Amino acid sequence: MNATSTPAALSPSVLTTPSKIEPMKAFDSRFTERSKATPGAPALTSMTPTAVERLKEQNLVKELRPRDLLESSSDSDEKVPLAKASSLSKRKLELEVETVEKKKKGRPRKDSRLMPVSLSVQSPAALTAEKEAMCLSAPALALKLPIPGPQRAFTLQVSSDPSMYIEVENEVTVVGGVKLSRLKCNREGKEWETVLTSRILTAAGSCDVVCVACEKRMLSVFSTCGRRLLSPILLPSPISTLHCTGSYVMALTAAATLSVWDVHRQVVVVKEESLHSILAGSDMTVSQILLTQHGIPVMNLSDGKAYCFNPSLSTWNLVSDKQDSLAQCADFRSSLPSQDAMLCSGPLAIIQGRTSNSGRQAARLFSVPHVVQQETTLAYLENQVAAALTLQSSHEYRHWLLVYARYLVNEGFEYRLREICKDLLGPVHYSTGSQWESTVVGLRKRELLKELLPVIGQNLRFQRLFTECQEQLDILRDK
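Residue 1 is where the sequence shown starts when you use UniProt numbering, and the numbers rise one by one after that.
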């Protein structure tokens, strides 16, 4: 046979192969020759069994001697001895894996423009789990608040009681190789002191408790007479800020987690709540921290907004915004009480920093249609009532509720006014399935309604509403 003859002249049955081929190389040669075959060459797949069929045949003849069992490769007539029967199962798995990989890499595509791509099909549940894992593996930007450094000694005055002072001296003495720090408290000439085994970083106090945060993330709480109230509390991270109001203790850590405890009842009010939702995605910082008498924490931010944490809903609520356009456009001068000097002095007033002049100059500063001013005034007053309720400030809630009701009477908003009266009145007849609460922030609702009735009676348009409420209150009083 002439050595220079072309491959097209060769018959498929007389293709030449190497004289000695290993089993794994036989598979390689099959895929290699198939990928190199010319378009005019006949297909070899019809002449040889598939890899899966050969493996099934091998499995059926495992009991035969390996030397008696020969197999033909897909592109060669040369016989190749199989592996021993003891390793046939393992070899089968290796061949299946190799076959799948080779098919992905070398199988010709119908469209020559398509590149071979390795694809893996996953179930929807697997894809969802993978997405969740990716979200968890990409942590949010960690917040880092400043922490107080250790000092040799410091003194602070308790803001709620000017006659109360707290003194701290770190590492004043050594006992048994341990350095002790001293805590002193002086109130109206009465002094007490105690020692701790760690350096004190910061301290806070109120008329009911004194607390100190030490190194190693330890928080200790004492009574105003120096008696320890709790075993040391291990904080999740180093302390950043410490506050006390009444029996409530608030700890803000360097990892921007907030906790509030009622140490007298020994219950948690706020448990390691993150500030990430109100600080994330900006360069804002906490400019002021307030803890109300009811244990409600308030965060004043550098952008002028203030948020308080609502323990009942486990949410951060916006209670103040110095850039709020509603406060600038609202005009409720005619609805303010005559005893303006007694205007509310509570946490909401402290947070907002506004005086009773709010809403007085809006008519002169802004020229807007009356309908628009009505809407902005209603929205602002409703925000004030809701903020006072969230802060659980009873005095401010009563004040803003009366201002709001008076504005509704003056402007003739009957539906809103009737809804308020219905909520304050409650059911006239007792019902076991009633969910009506008789009090709100410590105030009796029906007593508030009695205060509203004279205001409602000033507008003849609401005489029917006035009469209905008065009659219902009389029935309840006679019961």
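All residues carry an ideal CB built from backbone N, CA and C; glycine is no exception.
Keep in mind that this is a model prediction, so the values were computed, not measured.
The beta carbon of Phe-466 lies closer than 8 Å to those of Leu-453, Ile-456, Gly-457 in the same chain, with the five residues before and after it left out. 7 Å or more divides the Cβ of Ser-287 from the Cβ of Ile-147. As far as DSSP is concerned, Lys-271 takes part in no beta bridge.
The straight-line gap separating the alpha-carbon atoms of Glu-191 and Leu-183 is approximately 11 Å. Within 10 angstroms of the beta-carbon of Leu-313 lie fewer than 16 other beta-carbons, which makes it exposed. The Cβ-Cβ distance between Ser-277 and Trp-316 falls below 7 Å. Ranked by how close their Cα comes to the Cα of Val-268, the residues Ala-280, Ser-274, Met-250 have Met-250 in first place. Going by DSSP, His-243 is part of the beta strand (DSSP E) stretching over 239 to 245. If only uninterrupted beta strand (DSSP E) runs of at least 3 residues are considered, none is enclosed by the stretch 446 to 474. Ser-277 sits in a helix when the DSSP states are folded into three classes. Taking the CA atoms as reference points, Thr-224 sits about 7 Å from Cys-207. Leu-290 has its alpha-carbon roughly 16 Å from the corresponding atom of Glu-273. Spanning the alpha carbons of Gln-374 and Pro-427 requires a straight line of approximately 32 Å. Around the beta carbon of Glu-169, a 10 Å sphere encloses 16 or more other beta carbons of the protein chains shown; the residue is thus reported as buried.
Taking Arg-228 as the centre and dropping the five residues before and after it, the same chain places the C-beta of Phe-222 closer than 6 Å to its C-beta, in chain order.
Cβ atoms of Gly-226 and Cys-185 come within 8 Å of each other, at about 7 Å. Taking a cut-off of 8 Å on C-beta distances, the stretch 417 to 434 touches the stretch 443 to 451, as three or more cross pairs fall below it. Just so you know, the alpha carbons of Ser-181 and Pro-232 end up roughly 15 Å apart. Shown here for Ile-166: same chain residues with a beta carbon closer than 6 Å to its own, the five before and five after excluded, namely Leu-156, Cys-185, Ala-203, Gly-205 in chain order.
Distance from the CA of Lys-179 to the CA of Val-195, rounded to the nearest whole angstrom, comes to 10 Å. A residue is called buried once 16 or more other Cβ atoms fall within 10 Å of its Cβ, and Pro-347 is buried on that count. Taking the Cα of Ile-420 as reference, the smallest distance to any Cα among Val-440, Tyr-430, Asp-324 is reached at Val-440.
As computed with DSSP, Leu-180 is found in a beta bridge with Thr-173. Here Lys-271 has Ser-259 as same chain residues with Cβ atoms under 8 Å from its own Cβ, once five neighbours each way along the sequence are excluded. With a threshold of 16 other beta carbon atoms within 10 Å, Pro-236 falls short and is exposed.
With respect to the C-alpha of Thr-292, the residue from Cys-308, Leu-326, Ser-302, Gly-177 having the closest C-alpha is Cys-308. If only uninterrupted alpha helix (DSSP H) runs of at least 4 residues are considered, those enclosed by the stretch 311 to 341 are 325 to 329. One alpha carbon belongs to Leu-301, the other to Glu-471, and they sit about 49 Å apart. The criterion of a C-beta distance shorter than 7 Å is not satisfied by Leu-326 and Thr-390. Using a 10 angstroms sphere on the CB of Ser-198, the tally of other CB atoms reaches 16 or more, which defines it as buried. Between Pro-238 and Ala-254, the C-beta spacing is below 7 Å.
Cys-308 carries a strand assignment under DSSP once its states are collapsed to helix, strand and coil. Remark: C-beta atoms of Gln-352 and Ser-320 approach each other more closely than 7 Å.
DSSP, read as helix, strand or coil, puts Pro-297 in strand. Per DSSP, Ile-289 is one residue of the beta strand (DSSP E) stretching across 286 to 291.
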